[in-house]
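K.L.:
Position one of the sequence shown corresponds to residue 134 (my numbering), numbered consecutively onward.
Positions of the beta carbon are idealized from the N, C-alpha and C atoms, including for glycine.
Before I ask anything, here is the structure I am working with.
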Amino acid sequence: MKLACSLASSTLRIFPNDLPPSRAFSPIDAALNERFSFQLAVRAEAYAKVAVSAAAPEGWTVRIRRVGLVPVPHHNTNVLANPLDLDGIGRIPGLVPDPLFEETSATLAFGETVSFWFTVTPPPDAKPGAYRIAATATPFDRGDAAIRIGRPVTRSAVIRLHPVRIAPRTGFDVTHWFYSDCIIQRYGTRLFDERYWTLLEAYLKDIAEHGQNVIYVPLFTPPLDTDKLPSQLLNVSRGNGGGYAFDWSSVRRYVRTARKCGIEKFEWSHFFSQWGCKCAIRIYEGQGETETLLWPADTPATSDTYRTFLSKLLPELRKFLADENILGKSFFHVSDEPHGDEARANYKAARAMLRELAPWMKTMDALSQIEFAREGLVDTPVPLTQVALDFLKEGIGSWCYYCCSPREGYLQHLMDTPLAKVAMHGFLFYRWPFKGFLHWGLNYWSKCQTRIPVDPFTVSDGGNWGGGWAYGDTFLVYPGPDGPIDSIRWEVFAEAMQDYALLQTLGVSRDDPLLAPIRSFSDFPKDARWRTAARRRLFASHVPAFP
Numbered sequence: 134m135k136l137a138c139s140l141a142s143s144t145l146r147i148f149p150n151d152l153p154p155s156r157a158f159s160p161i162d163a164a165l166n167e168r169f170s171f172q173l174a175v176r177a178e179a180y181a182k183v184a185v186s187a188a189a190p191e192g193w194t195v196r197i198r199r200v201g202l203v204p205v206p207h208h209n210t211n212v213l214a215n216p217l218d219l220d221g222i223g224r225i226p227g228l229v230p231d232p233l234f235e236e237t238s239a240t241l242a243f244g245e246t247v248s249f250w251f252t253v254t255p256p257p258d259a260k261p262g263a264y265r266i267a268a269t270a271t272p273f274d275r276g277d278a279a280i281r282i283g284r285p286v287t288r289s290a291v292i293r294l295h296p297v298r299i300a301p302r303t304g305f306d307v308t309h310w311f312y313s314d315c316i317i318q319r320y321g322t323r324l325f326d327e328r329y330w331t332l333l334e335a336y337l338k339d340i341a342e343h344g345q346n347v348i349y350v351p352l353f354t355p356p357l358d359t360d361k362l363p364s365q366l367l368n369v370s371r372g373n374g375g376g377y378a379f380d381w382s383s384v385r386r387y388v389r390t391a392r393k394c395g396i397e398k399f400e401w402s403h404f405f406s407q408w409g410c411k412c413a414i415r416i417y418e419g420q421g422e423t424e425t426l427l428w429p430a431d432t433p434a435t436s437d438t439y440r441t442f443l444s445k446l447l448p449e450l451r452k453f454l455a456d457e458n459i460l461g462k463s464f465f466h467v468s469d470e471p472h473g474d475e476a477r478a479n480y481k482a483a484r485a486m487l488r489e490l491a492p493w494m495k496t497m498d499a500l501s502q503i504e505f506a507r508e509g510l511v512d513t514p515v516p517l518t519q520v521a522l523d524f525l526k527e528g529i530g531s532w533c534y535y536c537c538s539p540r541e542g543y544l545q546h547l548m549d550t551p552l553a554k555v556a557m558h559g560f561l562f563y564r565w566p567f568k569g570f571l572h573w574g575l576n577y578w579s580k581c582q583t584r585i586p587v588d589p590f591t592v593s594d595g596g597n598w599g600g601g602w603a604y605g606d607t608f609l610v611y612p613g614p615d616g617p618i619d620s621i622r623w624e625v626f627a628e629a630m631q632d633y634a635l636l637q638t639l640g641v642s643r644d645d646p647l648l649a650p651i652r653s654f655s656d657f658p659k660d661a662r663w664r665t666a667a668r669r670r671l672f673a674s675h676v677p678a679f680p
């Protein structure tokens, strides 16, 4: 029984019909405290079981996971049909590598390739130098894992650690929206029961480990995409004389759990309805157990009813933030993605009301019409990457974002976005002085704009590919038994954010000639070899020569 095995970089999707890569595996260059990944592709000449193991220097941590496959029925729409901008050409429709299962073995069918993902972390006291990590695949009888039916095959990865320690990233925040309603629904928790808090901690630790430092806090059920399953942290009751009373205990636990897990900043739920502030948001008595609303769902945004509520809430919110010492680490929203003249008028009225009731509050929103920023309606705009550079040209300090669009040649992390493009997030974000990045879908496991759950292992477009959503846009993690299952897209994004921190640590100028080929969010180097060479140049020119 013979195995065909080869090493591959983390920027290559290995489809089941692919042969193991034949190109020699290049050494991996990394900082002393950098986490990195590579793959071992395995193919058998017959039906068999294979077990994979690793041998690493003392103190090194190597995590091995099997790369799973999920169905993708079509290429996404509005994409460019060239290999640098579109992955899976000739393989989609089909099975696409994405989830990472905590498995170190797999059953191989004849003519199929399976990949294993190796995530490597050097020890805290790592020294510069060249190291080897041996990845071994051993074939066993599929009916009896104790019977070896062939010789093990070992491939060695060379790791070159350079004399630099990456400092924590500063001045650039990252958030992917986390949906508590999907946790509650998928795992069947009773709102915020103890099972929910256990799951929350597992997800937040994973989020922080992947370079995200901001978390969305569902003070109220997020007014995003639909009438969602209630996930309201703030317990609200009607007080005497028509007032309101607030219990902050769940909010406090959420914030403190996040900080314990390494989250630094907090993004608070939007105060007005999506796409232009037409209505007040849905707020429930209690935390939504009975779905009893405090006011009708069509209550106008600037009505006396909602104004009265906010006049009671906002001073208490400010006190809570001050008590938790996170007032200066909080981001506030008015309405998500307002657009058009009517929405701008509604937004202007809602923003004026917030300024009157909470003059201390600075706001940020995903919006791409520059008029909102020109008129001073939003303190920090978050425009689409398609127009984000226009904001910077006018001196408007901004974050940036993408969701269902733009696609074509633009930066994305979809199921058919080449991983080499995904890996460029860090370089692109560093190239311009943006303040942060926002994406709407960390774990949106629902059918588009409904409460209906989907199986994310079979549906990655919210069931709305034909309506403009994209495969891979709705989530980056899958639901595991007791926490998240990472995707290879999520892992590569995390590595890209280390690139940002490396550039920052080395003091690289945004105008450095190295970054000159990065001209826009669609015009940038998309071949994995560019990033590999750029990292080597960084280590060679900014730190002492490799011994």
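(1) Using a 10 Å radius around the Cβ and a threshold of 16 neighbouring Cβ atoms, would you call residue 688 buried or exposed?
(2) Give a yes or no on whether the C-beta atoms belonging to residue 540 and residue 194 are separated by under 9 Å.
(3) Pick helix, strand or coil for residue 621, following the three-state DSSP scheme.
(4) Under a three-way DSSP split, which group does residue 638 fall into?
(5) With a cut-off of 8 Å on the beta carbons, I'd call residue 152 and residue 246 a contact; round off their distance for me.
(6) Would you call the segment 575-583 and the segment 641-656 touching, i.e. three or more CB-CB distances under 8 Å?
(7) Are residue 267 and residue 179 touching if we call contact CB-CB under 9 Å?
(8) Taking buried to mean at least 16 other C-beta atoms within 10 Å of its own C-beta, is residue 257 buried or exposed?
(9) How should residue 598 be labelled, buried or exposed, when 16 other C-beta atoms within 10 angstroms of its C-beta is the threshold for buried?
(10) Helix, strand or coil for residue 630, going by three-state DSSP, please let me know.
(11) If you drop the 5 nearest sequence neighbours on each side, which residues of the same chain put their C-beta closer than 6 Å to that of residue 206?
(12) Going by beta carbon distance, what residues of the same chain come within less than 6 Å of residue 286, once the five residues before and after it are set aside?
(13) Taking 9 Å as the CB-CB limit, is residue 608 close to chain B?
(14) Using CA coordinates, which residue listed in 248, 664, 288, 342 is at the minimum distance from residue 610?
(15) Please report the distance separating the alpha-carbon of residue 215 from that of residue 659.
(16) Could you check if residue 493 is buried or exposed, using at least 16 other CB atoms within 10 Å of its CB as the buried criterion?
(17) Enumerate in chain order the residues of its own chain whose CB-to-CB distance from residue 319 is below 7 Å, with the five nearest sequence positions on each side excluded.
(18) Going by beta-carbon coordinates alone, are residue 469 and residue 408 separated by less than 9 Å?
(19) Quick check: the segment 561-568 against the segment 291-307, are at least 3 beta-carbon pairs closer than 8 Å?
(20) By Cβ distance, which residues of its chain are closer than 6 Å to residue 158, with the 5 residues on each side in sequence left out?
(21) Bridge partners of residue 452, per DSSP?
(22) For residue 575 versus residue 403, is the C-beta distance shorter than 9 Å?
(23) How many Å lie between residue 371 and residue 381 at the Cα?
(24) Should residue 617 go down as buried or exposed, given a rule of 16 or more other Cβ atoms within 10 Å for buried?
P.N.:
This is what the structure holds:
(1) Outside the shown range of the chain, which is 134 to 680, sits residue 688, and nothing can be said about it.
(2) No, Cβ-Cβ distance for residue 540 and residue 194 is not below 9 Å.
(3) The three-state secondary structure of residue 621, taken from DSSP, is helix.
(4) Correct three-state label for residue 638: helix.
(5) The pair is a contact, with the Cβ atoms about 7 Å apart (cut-off 8 Å).
(6) Taking a contact to require three or more Cβ pairs closer than 8 Å, the segment 575-583 and the segment 641-656 do not qualify as touching.
(7) Contact flag unset, no.
(8) Exposed, by the Cβ-count rule.
(9) Within 10 angstroms of the beta-carbon of residue 598 lie 16 or more other beta-carbons, which makes it buried.
(10) Note: residue 630 maps to helix in three-state DSSP.
(11) If we look at residue 206 and ignore the five residues flanking it on each side, its Cβ neighbours are 226.
(12) Close CB contacts of residue 286 within its chain, under the 6 Å cut and outside five residues either way in sequence, are with 136, 138, 270 (chain order).
(13) Protein chain content of the structure displayed is limited to a single chain, and chain B is not contained in it.
(14) Restricting attention to 248, 664, 288, 342, the CA atom closest to the CA of residue 610 is found in 342.
(15) The alpha-carbon atoms of residue 215 and residue 659 are separated by roughly 11 Å.
(16) The residue is exposed, with fewer than 16 neighbouring Cβ atoms inside 10 Å.
(17) Hits under 7 Å: 578, 586, 612.
(18) In this structure, residue 469 sits near residue 408, with a CB-CB distance shorter than 9 Å.
(19) Enough Cβ pairs lie closer than 8 Å, so yes.
(20) Around residue 158: 140.
(21) Looking at the DSSP assignment, residue 452 forms no beta bridge with any residue, so it has no partner.
(22) Against a cut-off of 9 Å, the Cβ pair of residue 403 and residue 575 comes out as no contact.
(23) Rounded to whole angstroms, the separation of the alpha carbons of residue 381 and residue 371 is 15 Å.
(24) Looking at its Cβ environment, which holds 16 or more other Cβ atoms inside 10 Å, residue 617 is buried.
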